[in-house]
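Taking it in order: structure first as structure tokens, then the write-up.
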Amino acid sequence: MKTKVLMVCLGNICRSPLAEGILRSKVDPNKVTVYSAGTGGWHVGEQPDPRSIEVARKYGLDITYQRGRKFSAYDFETYDHIFVMDNSNYRDVTSLAKNEAEIAKVQLILDEIFPNENVDVPDPYYGGAFGFENVYKMLDEACDKIAARL
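For the working numbering, count along the sequence shown from 1 and bump the result up by 1242.
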């Protein structure tokens, strides 16, 4: 049985597509599936932000096949692990949970490298390319730890 992982950010065009692409590159696709979603539905059906595509490409990853979608309560039934990019995403996702078991599936992704510090992955949307580079590096480090555990 495959382990199913979902990466979640606000719009599903910057951080979570990068996290999806990074983690996919680090796990055995026969054992782990990775997808992403956003807490908002503004970008449903759209490709990731061109700056996310660019920084991913810089590191040898192609995320152009990804399309934005909105997180739903049904995702708790589908996914084993739900990694959110920031505390706001955590609140939005857990507010849809029906029970403690569903809440237990949700974790801030940077808890992997900053345990119990509640550190947010900064949203690079309004920043320049350097913000996307920093986000990539944070997510890459966190995904190394996730991949090793999975």
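All C-beta atoms in this analysis are idealised placements derived from N, C-alpha and C, irrespective of residue type, glycine included. All values reported here derive from a predicted model rather than from experimental measurement.
Are the beta-carbon atoms of GLY1280 and SER1258 separated by less than 8 Å? Taking 8 Å as the Cβ cut-off, GLY1280 and SER1258 qualify as a contacting pair.
Can you give the beta carbon distance from LEU1350 to VAL1326, rounded, assuming they're within the 8 Å contact cut? Cβ atoms of LEU1350 and VAL1326 come within 8 Å of each other, at about 6 Å.
Which listed residue (GLY1263, GLN1308, LEU1252 and VAL1274) has its alpha carbon closest to that of ALA1390: The shortest Cα separation from ALA1390 among GLY1263, GLN1308, LEU1252 and VAL1274 belongs to VAL1274.
For PHE1325, which beta-bridge partners are listed by DSSP? Answer is MET1249 and GLN1349, bridged to PHE1325.
CB-CB under 6 Å to ARG1266, same chain, minus the five flanking residues each way: which ones, in chain order? VAL1276, listed in sequence order.
Look at the Cβ atom of HIS1285, then the Cβ atom of GLY1263, and state whether they are nearer than 8 Å. No; because the gap between Cβ atoms is not below 8 Å, this pair is not in contact.
For TYR1332, count neighbouring Cβ atoms within 10 angstroms of its own Cβ and tell me buried if that reaches 16, exposed if not. By the neighbour-count rule (16 or more Cβ atoms within 10 Å), TYR1332 is buried.
Going by the DSSP bridge assignment, what does TYR1332 pair with across the sheet? Answer is none; TYR1332 lacks a bridge partner.
Within a Cβ cutoff of 7 Å, which residues of the same chain sit near GLU1344, ignoring the five residues on either side of it in sequence? The answer, listed in chain order, is PHE1318.
Pull up the distance between the alpha-carbon of ASP1328 and that of VAL1247, whole angstroms please. Straight across, the Cα-Cα distance linking ASP1328 with VAL1247 is about 17 Å.
Inter-residue CB distance, ILE1255 and PRO1290 (contact presumed, cutoff 8 Å): With 8 Å as the limit, ILE1255 and PRO1290 qualify as a contact, their Cβ atoms being about 5 Å apart.
Taking only the alpha-carbon atoms, compute the straight-line gap between ASP1355 and GLU1383 and give it to the nearest angstrom. In the sequence under discussion, the amino acid at residue 1355 is Ile, which differs from the Asp named in the question. So the two alpha carbons sit approximately 7 Å from each other.
Check the DSSP bridge columns for TYR1277 and list the partner residues they point to. LEU1248.
Cβ-based neighbour list, LEU1303, same chain, cut-off 6 Å, excluding 5 preceding and 5 following: Closer than 6 Å at Cβ, skipping near neighbours: GLY1263 and SER1267.
Identify the continuous alpha helix (DSSP H) that holds GLY1369 and give its terminal residues. Counting along the chain, GLY1369 sits inside no alpha helix (DSSP H), nor does DSSP assign it H or E at all.
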